[in-house]
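A.B. asks: Read in our numbering, the sequence shown has 241 at position 198, and its numbers run on one by one without any break. Quick reminder that beta carbons are idealized off the backbone N, C-alpha and C, glycines included. Being a predicted model, the structure only gives us computed values, none of them experimental.
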Amino acid sequence: PAEKLMELSTAFIVSRAIYAVAKLAVADVLDGHVKSAVELANLLGIDSDALFRIMRLLTKVGLFDQNEENQFSLTALGEPLLTGSPQSMRDYIILYHEIQYPTFTNLMFRLHEGSSAHFKTFDRSVFELVESNEEFASMFFAGLRSRAKIDITAIISAYDFSNARLTVDVGGGNGGLLSALLSRYPRMSGILFDLEPAIATARAGHGGPLPRCELMVGDFFNRVPEGADTYLLKLILPS
44 PAEKLMELST AFIVSRAIYA VAKLAVADVL DGHVKSAVEL ANLLGIDSDA LFRIMRLLTK
104 VGLFDQNEEN QFSLTALGEP LLTGSPQSMR DYIILYHEIQ YPTFTNLMFR LHEGSSAHFK
164 TFDRSVFELV ESNEEFASMF FAGLRSRAKI DITAIISAYD FSNARLTVDV GGGNGGLLSA
224 LLSRYPRMSG ILFDLEPAIA TARAGHGGPL PRCELMVGDF FNRVPEGADT YLLKLILPS
């Protein structure tokens with residue numbers, strides 16, 4: 044039990060190592076190649092010894108292979124780190140570690156004060172950050188788009204929306220979920236409802252085609268569109 048507890052309590056080390064290689068796009072550089080940490084570090088402009096230690100750690104958990112010449116290659120488990128992979132999780136890993144990880148450093152504050160650890164960390168809500176910081180908004184929506192591929196498949200497989208006629212996706216981001224539903228159910232129409240930065244990504248087609256759909260800018264803390272028979276709320280309710 045002591046050894047297992049020690050392993051669990053230090054699991055963040057592996058997690059942060061995964062974040063580091065995701066942020067640096069190591070997998071993209073390594074894709075289809077076998078390279079040493081020195082070669083990778085020279086290409087990325089970082090310290091080779093530090094990178095070697097991270098790569099060696101992530102080899103132990105199966106993201107990379109390491110040969111006898113201390114060269115590394117990508118494994119099947121590591122492939123979702125590729126930016127261009129259909130199953131890419133790179134943007135979501137970056138999002139999670141740049142928003143949630145810092146928030147968890149204030150976990151004791153949350154327990155003692157009963158107030159938001161997120162506000163303690165960033166002094167603004169996610170929604171305020173999205174509206175006020177273009178770089179943050181780009182990272183935020185890219186991360187959600189990355190995760191959505193898994194969510195959407197699970198939701199459509201689990202629930203029958205054939206009786207829905209007008210569906211509102213509240214805080215629906217780039218419209219990926221609504222796009223999938225409208226494509227699958229031709230009798231359904233939709234309203235994508237979110238802040239302007241999110242609606243802009245939907246207009247640009249980042250979530251896929253949105254036939255029979257109205258794109259509506261608004262704040263769901265104030266109101267949501269009325270008259271629909273189905274309302275979707277995915278990953279927007281505060282915990």
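Is the beta carbon of GLY250 closer than 8 Å to that of THR244?
C.D. replies: Contact: yes.
A.B. asks: Assign GLY233 to one of two classes, buried (16 or more other C-beta atoms within 10 Å of its C-beta) or exposed (fewer than that).
C.D. replies: Buried.
A.B. asks: Starting from SER128, trace the alpha helix (DSSP H) in both directions and tell me its first and last residue.
C.D. replies: Neither: SER128 is in no alpha helix (DSSP H) and is coded neither H nor E.
A.B. asks: Within its chain, find whatever has a CB closer than 8 Å to the CB of PRO268; leave out the 5 residues flanking it on each side and keep chain order.
C.D. replies: The residues are VAL211, ILE234, PHE236, MET259, GLY261.
A.B. asks: Terminal residues of the continuous alpha helix (DSSP H) containing SER52?
C.D. replies: Its alpha helix (DSSP H) spans residues 45–52.
A.B. asks: Just list the alpha helix (DSSP H) runs in the region 176–239, keeping only unbroken ones of 4 residues or longer that don't cross its boundaries, in chain order.
C.D. replies: The region 176–239 contains these whole alpha helix (DSSP H) runs: 177–201, 219–227.
A.B. asks: From ARG227 to MET132, what does the alpha carbon distance come to, in whole angstroms?
C.D. replies: Cα to Cα, the separation comes out at about 25 Å.
A.B. asks: Around the C-beta of HIS155, are 16 or more other C-beta atoms found within 10 angstroms, so that it is buried, or is it exposed?
C.D. replies: Answer is exposed; the Cβ neighbour count stays below 16.
A.B. asks: Can you tell me the Cα-Cα spacing of VAL173 and GLN143, whole angstroms?
C.D. replies: Roughly 15 Å between the two C-alpha positions.
A.B. asks: Considering only their Cβ atoms, is the gap separating LEU209 from ALA271 smaller than 8 Å?
C.D. replies: Closer than 8 Å, so yes.
A.B. asks: Are the beta-carbon atoms of PHE107 and PHE115 separated by less than 8 Å?
C.D. replies: Against a cut-off of 8 Å, the Cβ pair of PHE115 and PHE107 comes out as a contact.
A.B. asks: Note down the Cα distance separating PHE184 from GLY216, rounded to an integer number of angstroms.
C.D. replies: For PHE184 and GLY216, the distance between alpha carbons rounds to 7 Å.
A.B. asks: CB ASP166 to CB LYS277, shorter than 8 Å?
C.D. replies: Not in contact: ASP166 and LYS277 (Cβ atoms no closer than 8 Å).
A.B. asks: Can you tell which of ASP74, ASP90, ALA247 has the C-alpha that lies nearest to the C-alpha of VAL81?
C.D. replies: That would be ASP90, whose Cα lies nearest to the Cα of VAL81.
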